[in-house]
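Per this note's numbering: the sequence shown = residues 2 to 191.
The C-beta atom is built at its ideal place from N, Cα and C for all residues, glycine as well.
Remember, it's a predicted structure, so these values are computed and weren't measured experimentally.
Worksheet: the structure to be examined is printed underneath.
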Amino acid sequence: MSAISSLVPARFLTVIAHLVIVIAIFWSRENSVKACLPLDYTNEEYSLEDTRLVVGLSVTLGLFAVELAGFFSGVSMFNNNQGLLCILPSGAMIKEFRINALPNNSDVGTLIILKKLHPEGINRQERNLVGSYSLATACHACGSVALLFFLFEQWTCSIYWWIFGFCSIIPALYEMVLLFAVFGLKKKPL
């Protein structure tokens, strides 16, 4: 499977992984709520933090519904305009390698290699398609990892709102823009 054709399944899998982790936090939120509270807390404090977490998780599930509706309707499944919002440039990627494995253990320093992400022969439309999923896929992949730490390390609830802001709102807002463009302005989905 080429890189171009593997982007749709990658985006789908990261969205579903993020969704499953949010549902798991929703079901086991008692421990997350207790992690947000001091050691001696009242029932009022517990119910307040529980309500806040339930609201955050519910809004997240609503944003997933919007994203999956746009994805399954075909509005954003193959959209190549997301490259405008891409954080990483779609043309090149910088990799940094540290070389310390010389026989005399001397430090050579840092070698920076500019590696072409796309081989020659991929046309511009395909390059835009590669860049189109990097934002949504990166947001959901980072959100999945961060929420796993939130769940297993019992981070405080204030951290959830940062994860929510960067990993759920950004892709959902862009999805809403695409839905408005396609259904409101009658633009083509591609």
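Under 8 angstroms between C-beta atoms of residue i and residue j
{"i": "W163", "j": "A36", "result": "no"}
{"i": "T15", "j": "A147", "result": "no"}
{"i": "V34", "j": "E50", "result": "yes"}
{"i": "G57", "j": "F165", "result": "yes"}
{"i": "T61", "j": "V9", "result": "no"}
{"i": "R12", "j": "A137", "result": "yes"}
{"i": "R30", "j": "L69", "result": "no"}
{"i": "L64", "j": "S169", "result": "yes"}
7 angstroms CB neighbourhood of residue i in its chain, flanking five on each side removed
{"i": "L38", "result": "E46, Y47 and E50"}
{"i": "K188", "result": "A182"}
Alpha carbon of residue i to alpha carbon of residue j, nearest angstrom
{"i": "E176", "j": "G71", "result": "7 angstroms"}
{"i": "Y42", "j": "C158", "result": "15 angstroms"}
{"i": "F150", "j": "Y161", "result": "10 angstroms"}
{"i": "I26", "j": "F79", "result": "30 angstroms"}
{"i": "F40", "j": "S145", "result": "A quick correction: the sequence has Leu, not Phe, at residue 40. Going by the C-alpha atoms only, they are around 28 angstroms apart."}
{"i": "T52", "j": "A18", "result": "24 angstroms"}
{"i": "F167", "j": "V178", "result": "17 angstroms"}
{"i": "G75", "j": "L186", "result": "16 angstroms"}
Neighbourhood of residue i by C-beta distance below 6 angstroms, restricted to the same chain and skipping five residues each side
{"i": "I171", "result": "C140"}
Any C-beta of chain C under 8 angstroms from that of residue i
{"i": "N32", "result": "You won't find chain C in this structure, because it holds only one protein chain."}
Secondary structure of residue i, DSSP reduced to three states
{"i": "C140", "result": "helix"}
{"i": "L38", "result": "coil"}
{"i": "F79", "result": "coil"}
Inset, instruction - Please specify which runs of the alpha helix (DSSP H), each continuous and at least 4 residues long, are wholly inside the segment 143-187, giving them in chain order. - result: Here the runs fully enclosed are 158-165 and 171-180.
Legend entry - Contained alpha helix (DSSP H) runs [length at least 4] in the segment 23-74, N- to C-terminal order: For the segment 23-74, the continuous alpha helix (DSSP H) assignments of 4+ residues that do not extend past its boundaries occur at 30-36 and 44-73, in sequence order.
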